[in-house]
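Q: As they're listed, the protein sequences go chains A and B. To convert a position in the first sequence, counted from 1, into our numbering, add 138. To convert a position in the second sequence, counted from 1, into our numbering, add 38. For reference, the structure I am asking about is given below.
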Amino acid sequence: MPTEMVGSVMVERHAVARPGGKPRAPGKRLRPLNVAWLSVLAGVGLSVVGVYGIDVAESVQGTGDLSATSLKQLLFLAIGLGAGAVVAVPHYRVFGRLSWPAYAGLVGLLVFLLIPFVPLWLVEPQNGARAWINFGSFNFQPSELGKVVYVAALAWYLRFRKHHRRFTGLLPPAIITAIPVGLITLQPDLGTAMLFVPALFAVLLGAGARLRHLVVVVLLSAAAAPAAYPLLKPHQQARIDGLVKQFQGDRSADQDINMQSRVAQRLIAAGGAQGVGDAKSRALVRYNALPERHNDMVFAVLVNRSGALGGAAIVGGLLLWVAGALLTAAFTRDPFGRLLVIGLAGIVAAQAFVNIGMNLGVLPIIGVTLPFVSYGGSSLITTWIMTGLVFGVALRPPKPPVRAAFDHFEEDE
Amino acid sequence: MARIQTDRTPGVAVLHRRLVLLLALLVGPLALLLGPLLRLTTARAASARAEAEAKLVRRTWLPTARGRILDRKGRVLAQDRPSYDIAIDYRVLTGEWIDDRARRFARSLNRAQWAEWSPDQRQALVALVRPAYEAHWRSAWHELARLCGQSVDELDGRRRAIVDSVRARREAVLGARREVELAALRERGAQPTPEQLALVEKRIGGPISEEQSSHAVVERAPDSVALACLALEGGETMLEPLGGTSQDAVRLGGGEASRSNRADPADTIPGLAVRDAGDRDYPLDTVRVRLERSTLPSPARQPGAVDLSVDGVGAHVLGWMRSRVFAEDVGARAAALERLPGLAAEARVRTGDGVIDRGEYREGDRVGHVGVEGAMEATLRGLRGVRSTSVDTGEVRTIEARVGADVRLTLDAALQGRVQAIMSPDLGLAVTQVWHGAPNDLMPVGTALNGAAVVLDIDSGELLALVSTPALSRRALRDQPEMVFDDTLNLPLMNRPTERVYPPGSIVKPLILSWAAQRGAYRPGQTIDCTGHLLPEHADRLRCWIYKRGGGTHTAQLGHELTGPEGIMASCNIFFFTMGRRLGPAGIVEGYRVFGVGESWDLGAGVESRGLLGLASDERAAGVSMGDAIQMGIGQGPVAWTPLHAADAYATLARHGTRVRPSLIAGRRGADPAPVPLPAWAVDEAMRGLALAVNDSRGTGHHLVIDGKREPVFNAPGVSIWGKTGTAAARRAVATPDGEGPEGPVVVDMDHSWFVVLVGREGDRPRYAVSVVMEYAGSGGKVSGPIINQIVHALIAEGYL
């Protein structure tokens, strides 16, 4: 009888008998028709929409061929789909086991990025951030993939533990988070760094941390947030100031710091319910000089093109992706798989929220892209890797017996 | 011991609750964003769409011209002489444009990091992108030189001259600002510290207005050049500042993320503005008038004619243009558009981001200042054309320019010129002469006299001439403005016929007579005894002029008590003191009021004075006492009016009390005032009196005494004249340099000389009212009489009589 070590317990693995069926080898049952298809289909839809949006943003004539950037995005999409498929093949437990070495590697790369005397041909600042490594024909952004590595490491750490149910037990996860967040913030890339925190909270929530503790932490951070303002870089402070001005109706900064936000809002509003036509939208986007129109602000471009309906569809697509991931977490009993998927959902949801919020003028301009839709190889491929992982978890529902991840029969909700 | 978890364990239910909570926490905020999305796309959709689409339209202004001012016979009095300046923005002239644009582009590549970089790092990137802008600037300059038909060196020379002069001006302005600041510092006491001095330098160091505006590099360019430049104005060229530069620049510039910002559209010729520089031409400003001198009083009489050159014909009425636009002008235009909805509808054009006024004031525009140019500014001002090019569809929409409307005056420019020549010192009537009877130390013979003349058509109320002397020379205004503006004694800027008030003196007497009849204070057949002085016990006040001269009375002179016409003929003060006393304050104030004192008529030529009446305008009796009323019977006391009021009142009398509102601009006449109810017999008596005054040898306006001999004042053939002299006691003019200090020396101390006539063809009723006043000139008959005589000759010469 084959046995398996589960934690410190040796468990016998029994064949599962299905009524009227052949006994199948244990651990080999796959569920190809699973709930993660929601996420996959949502991802495909959003990616295709993204390609179109990039084309609208990039070229004014709009007849005939796609722009070069759109074609590149299609290539990235193909690579991403491939990467996602590759990642779904092995059991996700593999990634769990690899997560700590990968985490160490991530930290190493992030530190490497920050070393001042690294030559320019290797690490070239893009938009002022030392976030990319030049591999000749393409650039690699460690912090993108780092999001996945981090979530995997965190999920692997928390999968069987209980002491995060105590307040002090929250410290190790915080440290696991703080290291990459700190390093990424120093690049500086506050936008990407910010996304780690919602993922942490989502995973902690899913791992059983007490709600009381989490609420206390959130409240403390909110109270302490204004104290962080002086620590921000000038342009970050300026963006927050600009947002406050917008809310107050002060239009004095409209031509400089608030320009991006104002133009995005103008284009979104001009889209109306159903959007303007294709040619008109290309012209409006071009001549209103929307900055970052094919990556950070592509949402504004798409709403301009297809109106509130289109915007709602994009939001719906993202919601669908998150729902797919959470449903996967609901249907899986493996704690690592569950936490992994929850963490990835947190990342995608937070990123989408920040990007769309900044397009709508509700949040200050923070440099994060819209998952699946914005232009960017690292972003798109990483998001598809995340989708692949979710699919991989949904593909393999673990059979019992499985050691309980946590138990809390005392009612503490 | 590990727990085996199955579906039935409560932990799973808790997990699912948590997952639901997670779902809410992750999905909720995203879903909530639909709120702002909907709000933006519904509430703000229309205005945002308009704002966004406005960016798709490139607008060019097409020049226009100002309307003309014509006289009653269609002669052009004012017109535009179009020409254009080709102007370039100052920062393009200095080349700072290159650095501005390079810097702006460099910053757009690296927005996030720009704030962090040191000045050296920024400068490095700017230096990389700068060459493209410099090359464009040079080629644009060459193109401009080619278009203007000049060599690049010539244009460059002009450019350097402009830059030098602006720099010099900057030094001057900064010096003045510095002085002001240092004076303020010194006032506070101690020596200024270096920090304070540095702060002062920083405060004054802002740009001066010349550094922020465009300057003409080619003035008065020919039409072909202007049109060629206009075609290029607003055109765009795409620059590729990063094209062909090193990999460093490409990577610094932002790699993939910013590729969409690679190209930078710049003006084809940066900073180009084609400005309307047209001059306003006044073709009849200077005229030569040929005047016959055989009809002048004998000392000035000569056989044959004289050619007089007259400067500034109608300048007071026409006004002029100024080249600085003030906020008040913008406000005045807004008010005018309220009053003229037709013009507003034509001027206003709906564009993507609002409504624009095609006649709005833009840099380099001129504004009409005073006179008709000022008062009719909104009508005369043309509307620019607008060419809107849609950058996405290429559609061009043009609204053609519309030239400003012409304004037609009722004046006759030839008559105006003649009258002005008549009142020119060169002819000899508007200078102190021996025959005036009162040369004195203050005004020796030959002193120029200032005054006003009004010629009014009785039936229509149209003004045929409105002359003010001293004349206003446009050349002096342009070349020596301080001489014009600072002459507080002669006040050459004042348009006397409408702006300056004088006590009427004796010329009101026919009006008083007819009004007194209306009020029952004078009955048909009544006579008044001229006793020399009104109050029997006081021989030193309220005296008749004949008594003042030699102790006589009119009753003695005529042999009987005076009838109404005789009172007018002899200009007897006692007669009219009596009228004043009988009418009383309320009565006499009302009499002046009904004849127009206190009214103005919005002629559309600038400032008009309403005249002065009494001491408290809101009361019925205007605060006038009985003593005042008596004085007002002879046109003295608290009453003053303009020469226009005088002509208008006489025209009313000639119309038997019907009032017709005077007008200066054709087609612009408001409602006529209420008619004056005058009994017909009284009007007849008044007219008879006026006829006697100039036609009877006992009349004050009949003759001059020169070298002991009598000469008739009027010698024009084929006309009937009714007229009245007036010698109005005036306050003497005193020079007070301090304004409020002790009185300085007396400058003039003489009476004003009035003469008003009604004139028509012989046997016909009166057709024209002419009023003349000569300031501080003395006797009405002696000074103004010959002038009016010449004006009658002028009316004949111009075909009116």
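Virtual Cβ for every residue (Gly too), placed ideally from N, Cα, C.
1. Look at glycine 739/B and glycine 823/B and say whether their C-beta atoms are less than 8 Å apart.
2. Under 8 Å, do isoleucine 242/B and glutamate 219/B count as touching if we go by C-beta distance?
3. Which chain A residues are close to arginine 87/B, counting only those with a beta carbon under 8 Å from its beta carbon?
4. Interface residues of chain B around arginine 167/A at Cβ under 9 Å?
5. With 8 Å as the threshold, decide whether the Cβ of threonine 79/B is near any Cβ in chain A.
6. Does the Cβ of glutamate 8/B have 16 or more other Cβ atoms within 10 Å, making it buried, or fewer, making it exposed?
7. Distance cutoff 8 Å, beta carbons only. Does leucine 422/A sit that close to anything in chain B?
8. Taking only beta carbons into account, state which residues of the stretch 356-381 of chain A come closer than 8 Å to chain B, listed in chain order.
9. Taking only beta-carbon atoms, is proline 67/B less than 8 Å away from chain A?
10. What ranges does the beta strand (DSSP E) occupy inside the stretch 241-279 of chain B, keeping only unbroken runs of at least 3 residues that lie completely in it?
11. Rounded C-beta distance between glycine 105/B and aspartate 444/B? I'm assuming under 8 Å.
12. Hey, out of Val405/B, Glu401/B, Gly350/B, whose CA is closest to glutamate 366/B's CA?
13. Run through chain A and tell me which residues come within less than 7 Å of arginine 56/B, C-beta to C-beta.
14. Interface residues of chain A around arginine 82/B at Cβ under 7 Å?
15. Quick check: is any heavy atom of the ligand SAH less than 7 Å from the C-beta of serine 822/B?
16. What does valine 429/B reach in chain A if we use C-beta pairs closer than 8 Å?
17. Below 6 Å CB to CB, which residues in the same chain sit around leucine 328/A once its five sequence neighbours on both sides are set aside?
18. With 8 Å as the C-beta to C-beta threshold (strictly closer), list the residues of the stretch 493-508 of chain A near chain B in chain order.
19. Just the C-alpha distance for tryptophan 719/B and leucine 833/B, rounded to the nearest angstrom, thanks.
20. Name, please, each residue of chain B whose Cβ falls closer than 7 Å to the Cβ of leucine 456/A.
21. Does arginine 513/B come out as helix, strand or coil in the three-state DSSP assignment?
22. Among Ala468/A, Gly387/A, Pro310/A, Val506/A, which one has its Cα closest to the Cα of valine 552/A?
23. I'd like the ranges of any beta strand (DSSP E) spanning at least 3 consecutive residues and lying wholly in the stretch 46-131 of chain B.
24. Is it true that the stretch 445-454 of chain A meets the stretch 198-218 of chain A, where meeting means three or more beta-carbon pairs spaced less than 8 Å apart?
25. Taking only runs of the alpha helix (DSSP H) that begin and end inside the stretch 610-644 of chain B, which ones reach a length of at least 4 residues, in chain order?
26. Taking buried to mean at least 16 other C-beta atoms within 10 Å of its own C-beta, is lysine 240/B buried or exposed?
27. Valine 531/A to serine 426/B, Cα distance in whole Å?
28. Buried or exposed: which applies to histidine 576/B, given that a residue is buried once 16 or more other Cβ atoms fall within 10 Å of its Cβ?
29. The alpha helix (DSSP H) that contains arginine 362/B, what's its start and end?
30. Name the DSSP beta bridge partners of proline 303/B, please?
31. Quick check: what's the CA-CA separation for phenylalanine 547/A versus leucine 219/A?
32. Could you check what DSSP says for glycine 293/B in three-state terms: helix, strand or coil?
33. Just tell me which of Arg168/B, Arg706/B, Arg176/B, Gly244/B has its CA closest to the CA of glycine 842/B.
34. Specify the secondary structure class of aspartate 550/A as computed by DSSP and reduced to three states.
35. Given a cut-off of 8 Å on the beta-carbon distance, is the pair leucine 702/B and leucine 501/B in contact?
36. Any idea if alanine 362/A is buried or exposed, counting beta-carbon neighbours within 10 angstroms, 16 or more meaning buried?
A: So, from the listed chains and residues:
1. yes
2. yes
3. Ala407, Ala408, Gly410, Val414
4. Result: empty, since nearest Cβ-Cβ is about 17 Å, beyond 9 Å.
5. yes
6. The structure shown does not extend to residue 8/B, since chain B is modelled only from 39 through 839, so no value can be given for it.
7. yes
8. Lys371, Pro372, His373, Ala376
9. yes
10. Every unbroken stretch of the beta strand (DSSP E) spanning 3 or more residues and falling wholly within the stretch 241-279 of chain B is given here in chain order: 252-259, 274-277.
11. About 5 Å separates the beta carbons of glycine 105/B and aspartate 444/B, which is inside the 8 Å limit, making them a contact pair.
12. Val405/B
13. By Cβ distance, chain A contributes Leu343, Gly344.
14. Ala407
15. As far as ligands go, the structure on display features none, and thus does not contain the ligand SAH.
16. Ala421, Tyr425
17. none
18. Ile494, Gly495, Leu498, Gly499, Val500, Gly505
19. The C-alpha of leucine 833/B is placed about 30 Å away from the C-alpha of tryptophan 719/B.
20. Listed along chain B, the residues sitting closer than 7 Å to leucine 456/A by beta-carbon distance are Leu68.
21. Helix at arginine 513/B.
22. Residue 552/A lies beyond the range of chain A shown here (139 to 551); nothing can be said about it.
23. 95-100, 114-119, 122-127
24. no
25. Every alpha helix (DSSP H) stretch that sits fully inside the stretch 610-644 of chain B and reaches 4 residues is listed by chain position as 611-632.
26. exposed
27. 60 Å
28. exposed
29. Arginine 362/B -> no alpha helix (DSSP H), and no H or E assigned at all.
30. Per DSSP, Met276/B.
31. With a pLDDT of 40 at phenylalanine 547/A, under the threshold of 50, the predicted position of this residue should be treated as unreliable, and no value is reported.
32. At glycine 293/B, the pLDDT of 44 sits below 50, so the modelled position is not reliable; the number obtained from the coordinates is stated separately. Helix at glycine 293/B.
33. Given a span of 39 to 839 for chain B in the structure shown, any question on residue 842/B remains unanswerable.
34. Model confidence at aspartate 550/A stands at a pLDDT of 47, short of 50, so the residue's coordinates are unreliable; what they give is reported in the following sentence. Aspartate 550/A: coil per DSSP, three-state reduction.
35. yes
36. With fewer than 16 other Cβ atoms from the protein chains shown falling within 10 Å of its own Cβ, alanine 362/A counts as exposed.
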